[in-house]
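For reference, the structure is listed below as structure tokens.
Residue numbers (my numbering), protein chains in the order written: chain A, 33 to 600; chain B, 56 to 226.
And the structure:
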């Protein structure tokens, strides 16, 4: 049905592998610029609103009130660790048996194989990187220097913020540059209290309202996308009926489709990128049909590999030719190496005795945020780089459940306010290392005949020191701000569960130590670009999706200019 | 890690594409053989009716919470916990009879409440104590998440559309 024998009909201006946050942006930018674009998605079709089966369900309509069945937990020891893998959104997360991999070291790989990928499930936090973040590797010599600076990406941050809809305040911090924001969300009384206490006790520690990809007030550009204001349901993982948060499904993909330039092909697993030794460039991709395992080739002038960080690495490692026996563009041997992630192990909770006459009302789609303050301007601790932190304070209802009968019922229906409780979790930068890598099994294959991936990624001494410092610093900060019952925790969660895996196909100026140049373009294969998490040279502390969006839009702009010059 | 057979894969994909209905039919999720006998069912309702009784505000039974508890027991607990649950439901009428010299079905609310306190305190053993804790937890969860209670008593709003981070509490 899909198979067309005519190669011409299978030829496009651009091929984009993957339809998640990066792929969706590549599609939108190419289509806006008039390039016929094929988007290949390995998972099933998920159309905005049509395929959000749980989105309007009330709590009482879920047979298990959100909980997984014992059978589902037993069958999915990895996926069930993910906070999103619950009764209302489990259909958007890959089950353990669907795509097995080998854990040479413990690694929880959380994936979303469907049109839109993990953009349906992401945490929607969108903080910009600052120049300090780009400077990290060059300053301390760990990993290769970034080939771009903040000023290179600044206009592209604005470009994607304007379209996606990012809410936030202009906070004027050099550690976290301001952007093109919709009105920000409010902090709670106790978050504001913490904010002013930190200001009193420290000169470098700030609580801000975290910038998020939610439409607090739609602009014309959002209405044109058919998206409306976020109504703070906090049920985002089900898909949003209003398009209140940014996803490929609600935003970039339908926009690209409207141009008439988009062909979206779900159920299409990319086996490899085809390199032509004579033409000295990539000419297309080999695709396996997810249902029939039939193979078909598609061709294009330019190829964007945005399949999510580790799958991007796997596709490139599997793209072997006489010219590139170790994977496409892998002259340096760094492909699959220098994988990094975010250290989310530590968290802290506390209570505040005060503001008894106040509560919160309604809901908001974000929380407070404390930008990185460690090793920001110079190296000033015994570990490299730093961490940011989430921060929120709320007041909950409580009921006395000791009794039974009528008095229990009375207590349940007349809840009382608890003290204000507050909490923070760390978001730490990890250092990309050659030993943190993914490889392909030389023998074992998956159900589609593709090599099984091996994950060999772990924490190091730097990460442990950072966890210790976070706990010390935040205990001190909450103590100074007058909180009590301060409790900290190291979850020891395995890498991967942060769902911020990055690297393996990093950018850099030197082709001997990096895969991509400053345009996310392969040093060795000029018509192949990688602009998802795989391209990250270092990880900094911010939730990374906004940076993938900006890098992608910037890379497409460059690719189209190069196409017009006849260089690709 | 084991690889899946092609057949399983196709089956999985077919389920995935079917979408809506397949995911919410509780029966299709669990092949568990766990079931309640009629007597256990009656005991369950007697206990749940005592935990959250009927009054001017409907209680756990008239709001259909027993079905929720049974679905949860069947689908979300390990075999060992299920077996304990069945054992205790089976034992309760005898325990009550020994203690009160009357059938639990004939007991007053306060007699049943007294009995539940004893179970909670562990007077009838650890298994009964744990089971009652589970049952009470599920009863409260089920009751508080019924449409009636959420809409009429808890002011449930799916889409509040506003946020006030510092709202005065009206005295």
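All residues carry an ideal CB built from backbone N, CA and C; glycine is no exception.
Can you tell which of 256/A, 40/A, 41/A, 63/A has its C-alpha closest to the C-alpha of residue 592/A? Locating residue 592/A in the first chain gives position 560, counting from the first residue. Considering only alpha carbons, the answer is 63/A.
Could you check if residue 242/A is buried or exposed, using at least 16 other CB atoms within 10 Å of its CB as the buried criterion? As a first step, residue 242/A must be located in the first chain, where it is residue number 210. Buried.
Between which residues of its own chain and residue 107/A is the CB-CB distance below 8 Å, once the five residues before and five after are set aside? For the purposes of this step, residue 107/A is taken as residue 75 along the first chain, with counting starting at 1. For residue 107/A, where only same-chain residues beyond five positions count, the Cβ hits under 8 Å are 127, 128, 129.
Examine chain B for any beta-carbon lying closer than 8 Å to the beta-carbon of residue 523/A, and answer yes or no. Taking the first residue of the first chain as 1, we reach residue 523/A at position 491. It does not; no Cβ of chain B falls within 8 Å.
Pull up the DSSP beta-bridge partners for residue 197/A, would you. Position 165 of the first chain, counting from 1, holds the residue named residue 197/A. DSSP lists no partner for residue 197/A.
Are the region 172-191 of chain B and the region 50-68 of chain A touching by the rule of at least three beta carbon pairs closer than 8 Å? no
Measuring CA to CA, which of 569/A, 471/A, 376/A is closest to residue 502/A? Against the first chain, residue 502/A aligns to sequence position 470. For the residues 569/A, 471/A, 376/A, the minimum Cα distance to residue 502/A belongs to 376/A.
Kindly give me the distance between the Cβ atoms of residue 100/B and residue 113/B, rounded to whole angstroms, as I take these residues to be in contact under 8 Å. Stepping through the second chain from its first residue, residue 100/B is reached at position 45. Stepping through the second chain from its first residue, residue 113/B is reached at position 58. Not a contact, Cβ separation roughly 14 Å.
In three-state terms, what does DSSP make of residue 457/A? As a first step, residue 457/A must be located in the first chain, where it is residue number 425. In the structure shown, residue 457/A falls within a strand segment according to DSSP collapsed to helix, strand and coil.
Check for me: the beta strand (DSSP E) holding residue 239/A runs from which residue to which? The residue you call residue 239/A lines up with position 207 of the first chain. From DSSP, residue 239/A is part of no beta strand (DSSP E); its letter is neither H nor E.
Can you name the residues of chain A whose CB is closer than 8 Å to the CB of residue 222/B? As a working note, residue 222/B is residue 167 in the second chain. Neighbours of residue 222/B on chain A, chain order: 390, 391, 392, 393.
Taking residue 440/A as the query, report the chain B residues whose CB atoms sit under 7 Å from its CB, ordered along the chain. As a working note, residue 440/A is residue 408 in the first chain. Within 7 Å Cβ-Cβ: 106, 107.
Contacting residues, own chain, Cβ-Cβ under 7 Å from residue 169/A (five flanking each side not counted): Here residue 169/A corresponds to residue number 137 of the first chain, with the count starting at 1. If we look at residue 169/A and ignore the five residues flanking it on each side, its Cβ neighbours are 175, 176, 177, 178, 569, 570.
For residue 145/A and residue 82/A, I'd like the C-alpha separation in whole angstroms. For the purposes of this step, residue 145/A is identified with residue 113 of the first chain, where counting begins at 1. For the purposes of this step, residue 82/A is identified with residue 50 of the first chain, where counting begins at 1. Spanning the two alpha carbons is a distance of roughly 17 Å.
Counting only the same chain and skipping the five closest in sequence on each side, list residues whose C-beta sits under 7 Å from that of residue 198/B. Residue 198/B sits at position 143 when you count from the first residue of the second chain. Once the five neighbours on either side are set aside, the close Cβ partners of residue 198/B are 107, 115, 118, 120, 204.
Under a three-way DSSP split, which group does residue 431/A fall into? On the first chain, position 399 is the one that residue 431/A refers to. It is coil, neither helix nor strand.
Have a look at residue 51/A and residue 339/A and give me their C-alpha separation to the nearest angstrom. Looking up residue 51/A in the first chain gives position 19. Looking up residue 339/A in the first chain gives position 307. Roughly 7 Å between the two C-alpha positions.
Considering only the beta carbon of each residue, do residue 217/A and residue 398/A sit closer than 8 Å? For the purposes of this step, residue 217/A is identified with residue 185 of the first chain, where counting begins at 1. For the purposes of this step, residue 398/A is identified with residue 366 of the first chain, where counting begins at 1. Yes. Within cutoff.
Could you compute how far the alpha carbon of residue 177/B sits from the alpha carbon of residue 188/B? Indexing the second chain from 1 puts residue 177/B at position 122. Indexing the second chain from 1 puts residue 188/B at position 133. Taking the straight line from one Cα to the other gives about 10 Å.
To the nearest angstrom, how far is it from the Cα of residue 302/A to the Cα of residue 319/A? Numbered from its first residue, the first chain carries residue 302/A at position 270. Numbered from its first residue, the first chain carries residue 319/A at position 287. Their Cα atoms are separated by approximately 4 Å.
Mind checking whether residue 487/A and residue 346/A have CB atoms under 8 Å apart? The count along the first chain starts at 1 and reaches residue 487/A at position 455. The count along the first chain starts at 1 and reaches residue 346/A at position 314. Cβ atoms of residue 487/A and residue 346/A: not closer than 8 Å.
Let me make sure I understand the geometry here. Which of 56/A, 312/A, 183/A, 110/A has the alpha-carbon closest to that of residue 196/A? Here residue 196/A corresponds to residue number 164 of the first chain, with the count starting at 1. Closest option to residue 196/A, Cα to Cα, is 56/A.
Only counting runs of 4 or more residues, tell me where the alpha helix (DSSP H) segments fall wholly within the region 438-526 of chain A, in order along the chain. Fully enclosed alpha helix (DSSP H) runs of 4 or longer: 438-445, 493-512.
By DSSP's criteria, residue 384/A is part of a beta bridge. Which residues make up the other side? Here the question's residue 384/A lines up with position 352 in the first chain. 452/A.
Would you list, in chain order, the members of the region 180-196 of chain B that have their beta-carbon closer than 7 Å to a beta-carbon of chain A? Listed by position along the chain: 195, 196.
How many whole angstroms separate the CB atoms of residue 395/A and residue 201/A, which I take to be in contact at a CB cut-off of 8 Å? Residue mapping note: residue 395/A aligns to position 363 of the first chain, counting from 1. Residue mapping note: residue 201/A aligns to position 169 of the first chain, counting from 1. Not really, about 19 Å apart at Cβ, beyond 8 Å.
In three-state DSSP terms, what is residue 89/A? Residue numbering aside, residue 89/A sits at position 57 when the first chain is read from its first letter. Note: residue 89/A maps to coil in three-state DSSP.
Which residues in the same chain have their Cβ closer than 8 Å to the Cβ of residue 159/A, if we skip the five residues on either side of it in sequence? Start at 1 with the first residue of the first chain, and residue 159/A comes out as number 127. Around residue 159/A, the same chain offers 208, 242, 243, 401, 403, 420, 574, 575, 578 as residues with beta carbons nearer than 8 Å, after the five sequence neighbours per side are excluded.
Determine, using beta carbons only, whether residue 505/A comes closer than 8 Å to chain B. Mapped onto the first chain, residue 505/A falls at position 473. By this cut-off, residue 505/A is not an interface position.
Going by DSSP, which residues form a beta bridge with residue 277/A? Taking the first residue of the first chain as position 1, residue 277/A is located at position 245. Paired residues: 246/A.
Can you pull the chain A neighbours of residue 216/B, defined as C-beta to C-beta under 8 Å? Translated into the one-based positions of the second chain, residue 216/B becomes position 161. Those are 261, 263, 264, 394, listed as they occur along chain A.
Quick one: give me the first and last residue of the alpha helix (DSSP H) that residue 187/B is part of. For the purposes of this step, residue 187/B is taken as the residue at position 132 of the second chain. Going by DSSP, residue 187/B is part of the alpha helix (DSSP H) stretching over 181-199.
Can at least three beta-carbon pairs, one atom from the region 461-481 of chain A and one from the region 442-449 of chain A, be found at a separation below 8 Å? They do not touch, by the three-pair rule.
Can you tell me the Cα-Cα spacing of residue 59/B and residue 94/B, whole angstroms? As a first step, residue 59/B must be located in the second chain, where it is residue number 4. As a first step, residue 94/B must be located in the second chain, where it is residue number 39. A caution first: residue 59/B carries a pLDDT of 42, below 50, which makes its placement in the model unreliable, though a value can still be read off. Each residue's Cα considered, the two are about 43 Å apart.
Measuring CA to CA, which of 292/A, 246/A, 539/A, 298/A is closest to residue 282/A? Counting from 1 along the first chain, the entry for residue 282/A is found at position 250. Measuring from the Cα of residue 282/A, the nearest candidate turns out to be 246/A.
Considering only C-alpha positions, which residue in the set 389/A, 506/A, 359/A is nearest to residue 382/A? Along the first chain, read from residue 1 onward, the residue named residue 382/A stands at position 350. Of 389/A, 506/A, 359/A, the residue nearest in Cα terms is 506/A.
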